[in-house]
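Using this note's numbering, read the sequence shown as starting at 10 and increasing by one per residue. For glycine and all other residues, C-beta sits at the position ideal for the given N, C-alpha and C.
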Amino acid sequence: MSSPDAAPSSRCVFCDIAEKRSPAWIVYEDPATVAFLDIFPFTRGHLLVIPRQHGARLTDLAPESRRALIQSVAQMGHRVERLAPDYNVALNAGAAAGQIVFHVHFHVIPRYGEANPFRATTRAPLEAEDAQRLLAELSPA
Ligand code: AMP
Ligand code: ZN
Numbered sequence: 010m011s012s013p014d015a016a017p018s019s020r021c022v023f024c025d026i027a028e029k030r031s032p033a034w035i036v037y038e039d040p041a042t043v044a045f046l047d048i049f050p051f052t053r054g055h056l057l058v059i060p061r062q063h064g065a066r067l068t069d070l071a072p073e074s075r076r077a078l079i080q081s082v083a084q085m086g087h088r089v090e091r092l093a094p095d096y097n098v099a100l101n102a103g104a105a106a107g108q109i110v111f112h113v114h115f116h117v118i119p120r121y122g123e124a125n126p127f128r129a130t131t132r133a134p135l136e137a138e139d140a141q142r143l144l145a146e147l148s149p150a
């Protein structure tokens, strides 16, 4: 059964990014998934990993899309280890769990030993200069 937020959305912001209708700082892409920098990062190098297939939750995805997504999350975890040895992987499913964009995505959030960054009430926007540097730091080895 589909989640309550599973209605297909041709104008979803993450579909637009995956289909290059909207700009994003894309770190990685393959036929099934895309990873890009979060524009309001919790920490430096905060990434989002999405399937190209639209669906609000993991349970809305075709199994092969879900498998590809997990594979890309693991790869992106490996990439952010260049920035910091430790990182969080998070997924918010549903508004009450903090989901704002209803196209399933994993957050990959490098941790630098700072206090809990998730409590921040305001998050500074990603700056273009740093985004350029991060793309270089996170590019394929
Ligand atoms: P969530 O609360 O799990 O739905 O998180 C959505 C995330 O998407 C937030 O961390 C936003 O900063 C991020 N976000 C929203 N729009 C964009 C965008 N156009 N490009 C990059 N990140 C975005
Ligand atoms: Zn979408």
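Determine whether the beta carbon atoms of residue i and residue j lie at a separation below 8 Å.
{"i": "R91", "j": "L147", "result": "yes"}
{"i": "P52", "j": "R128", "result": "Note that residue 52 is Thr in the sequence shown here, rather than Pro. No, Cβ-Cβ distance for T52 and R128 is not below 8 Å."}
{"i": "Y96", "j": "G86", "result": "yes"}
{"i": "I35", "j": "V22", "result": "no"}
{"i": "D39", "j": "S81", "result": "yes"}
{"i": "L135", "j": "D47", "result": "yes"}
{"i": "R75", "j": "A27", "result": "no"}
{"i": "L100", "j": "F115", "result": "yes"}
{"i": "V89", "j": "V113", "result": "no"}
Could you give the first and the last residue of the continuous alpha helix (DSSP H) run that contains residue i?
{"i": "D47", "result": "No alpha helix (DSSP H) contains D47, which DSSP labels as neither H nor E."}
{"i": "I79", "result": "P72 to V89"}
{"i": "F23", "result": "V22 to A27"}
{"i": "E38", "result": "E38 -> not in any alpha helix (DSSP H); beta strand (DSSP E) instead, spanning I35 to E38."}
{"i": "R142", "result": "A137 to E146"}
Under DSSP, the beta strand (DSSP E) around residue i begins and ends at which residues?
{"i": "R120", "result": "F115 to R120"}
Per DSSP, what are the beta-bridge partners of residue i in this structure?
{"i": "A99", "result": "H116"}
{"i": "P60", "result": "T42"}
Please classify residue i: is it buried, with 16 or more other beta-carbons within 10 angstroms of its beta-carbon, or exposed?
{"i": "G103", "result": "exposed"}
{"i": "G64", "result": "buried"}
{"i": "I59", "result": "buried"}
Cβ of residue i within 7 Å of any heavy atom in the ligand NAP?
{"i": "A33", "result": "As for the ligand NAP, it is missing from this structure, which binds only the ligand AMP and the ligand ZN."}
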